[in-house]
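J.: Before I ask anything, here is the structure I am working with.
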Amino acid sequence: MRVKSIGTLGVIARRQGAVDVNKAVGHFLLGILQALPPKGDTTADAAIEALNAFYDIYADAEFDYDAPVFVACGFFPALKGVVPAVKNMVGIGLGVFECGIILTKAIDKRKQRDLRLRADEALENLTAFIKYKESERKKARLMTFT
C-alpha cells in the first residue's frame, strides 16, 4: 500500500501550476530516501518507488516547479547525499563498518531477484539522473550569460 501511495503522490506532484504541492511531495519523497538504513527503516521497495517518482517529477528544468523547488530547496545536493545509502541497499560497498557493525541491508539476488533487479536499475538511474541534472544546470547557466 505504501509503495502505491508513493507512486500516486509522484503523479500528483507533476502537475504544472501546483508548486506548493510539488514542494510538499518532493520533501516527502526525499525524507523516504534519507531514511534508508542505517539512518532509518525505509524498505527497498518504497525507496525504489520514491526514486522513480523523483526522476519523473524533476526530469526537466523547464517544468514550472523545477527552479523554485528542485533548485531552491536544495534537492540536488540532498539527492547526491543519498547515493551511499542506495548503494548500501543494493549491496555495493559491503564491508563498511561503524562500531563493528556491517552497515548493509543488501538485497539478496537469490531470494528477491525481482526486487534486486529493480534496485540495481534504480541505482543506475540515480547516477545517470545526477549527471543529467548537473549538465542541465551547466547549460542553463551558459544560456543566461549568452
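Read in order, the letters of the sequence shown are residues 1 to 146 in the UniProt record's numbering.
A virtual CB, placed ideally from N, CA and C, is assigned to each residue, including glycine.
Being a predicted model, the structure only gives us computed values, none of them experimental.
1. Evaluate Arg116 with the Cβ neighbour count: other Cβ atoms within 10 Å of its Cβ, from every protein chain shown; 16 or more gives buried, anything less gives exposed.
2. Are Phe75 and Leu30 closer than 9 Å when you measure CB to CB?
3. Am I right that Ala128 and Met89 are in contact with their C-beta atoms under 8 Å? What's the rounded C-beta distance?
4. Using the C-alpha atoms, what's the distance from Ala59 back to Val21?
5. Pick from Glu62, Pro37 and Asp108: whose alpha carbon is nearest that of Arg15?
6. When burial is assigned at 16 or more other CB atoms within 10 Å of the CB, is Val82 buried or exposed?
7. State the CB to CB distance for the pair Val25 and Leu9, rounded to an integer number of angstroms; the pair is presumed to be in contact (CB under 8 Å).
8. Figure out for me which residue from Arg110, Asp108 and Leu79 has the closest Cα to the Cα of His27.
9. Can you say whether Glu49 is buried or exposed, counting buried as having 16 or more other CB atoms within 10 angstroms of its CB?
10. For chain D, check one thing: does any of its Cβ atoms lie closer than 9 Å to the Cβ of Leu36?
11. Can you name the start and end residues of the alpha helix (DSSP H) that Glu49 belongs to?
12. So Ala47 packs on Leu33, CB below 8 Å; how close in whole Å?
13. Return yes when the Cβ of Arg137 is within less than 9 Å of the Cβ of Val71, no when it is not.
14. Please classify Asp66: does DSSP put it in a helix, a strand, or coil?
15. Ends of the alpha helix (DSSP H) at Asp20?
T.: So, to answer that:
1. Looking at its Cβ environment, which holds 16 or more other Cβ atoms inside 10 Å, Arg116 is buried.
2. yes
3. That belief does not hold up - the Cβ atoms of Ala128 and Met89 are roughly 17 Å apart, past 8 Å.
4. So the two alpha carbons sit approximately 17 Å from each other.
5. Glu62
6. buried
7. 5 Å
8. Residue Leu79 is the option with its Cα nearest to His27.
9. Looking at its Cβ environment, which holds 16 or more other Cβ atoms inside 10 Å, Glu49 is buried.
10. The structure shown contains no chain D; it is built from a single protein chain.
11. Ala44 to Ile57
12. 6 Å
13. yes
14. The DSSP-derived three-state label of Asp66 is helix.
15. Val19 to Gln34
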